[in-house]
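Numbering-wise, the numbering used here puts 85 at position 82 of the sequence shown, and it's gapless, one number per residue.
Note that the Cβ used here is the ideal one computed from N, Cα and C, for glycine as well.
Reading through the structure tokens given below for one structure.
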Amino acid sequence: MQTYLYIKSLHLIFVVTWFAGLFYTPRLFIYQIEAGERPENEKSVLLPQLQLMTKRLWYIITWPSAVLAIFFALWLLYLAPDWLQEGWMQVKLGFVVLLLFYHFKCHSLVKQLEKETCTWTSNQMRLWNEVATLILFSVVFLVILKNAFNWIYGVVGIFSLAGLLMVGIKVYKRLRAKKNWENKRDKRK
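As structure tokens, then:
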């Protein structure tokens, strides 16, 4: 039992660090996209620094954390294989598969941004940035409540959360555009 708790603790630690990377890496993507739209003198300073930050975060924290979180998860399932018979665990594993797709798509975006071939806008990336949040909410509620039947209510709640996030992003975009317009107006005076 003690071994199980140590392995569970390590799994949780690496899930947290993995999500930290998955939360911050797309934020760096947004900054890179916006830096690419700046005048050349600013772009030449900002872009290499943001690319370096992304590369370090992705390869030194996010990837190792993902591998270790999965390793310890498999070890936990080896120690307690009966969990695989539980409906909530099967649904959770479905979300883990979604998380892995998200992770690999982020990896593809890291590569595209390194080559400066990414065609996403900063607004598209802002929406993409929220996918990990939705998956995290789903998995945490599933693990804590351990109820696969009520996941339908959870999905409705998650889509509601997604709607609120999208509204928040639009409001933020409008406020930011208004502030930029006011700053430009003040500079002209």
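Item	Value
Complete runs of the alpha helix (DSSP H) confined to the stretch 100-142 [at least 4 residues]	125-132
Straight-line Cα distance separating F107 from V146	24 angstroms
Where K173 falls: helix, strand or coil (DSSP)	helix
I63 classed as buried or exposed, judged by whether at least 16 other C-beta atoms fall within 10 angstroms	exposed
Cβ-Cβ distance between W21 and A83 below 8 angstroms	no
Cβ neighbour criterion (16 or more within 10 Å) applied to Q95	Checking the sequence, you will find Lys at residue 95 rather than Gln. It is buried - the Cβ of K95 has at least 16 other Cβ atoms within 10 Å.
T65, buried or exposed, once every other Cβ within 10 Å from all chains shown has been counted against 16	buried
Where T57 falls, given that 16 or more other Cβ within 10 Å makes a residue buried	buried
Residue-level contact to chain B via CB, F162, 8 angstroms cutoff	Absent here is chain B; the protein component of the structure consists of one chain.
Pair within 8 angstroms by beta-carbon distance, I172 and L130	yes
Cβ distance (whole Å) where I33 is taken to contact M128 below 8 angstroms	5 angstroms
Helix, strand or coil at K149 [DSSP, three-state]	coil
Residue span of the alpha helix (DSSP H) that contains Q52, given as start and end	43-59
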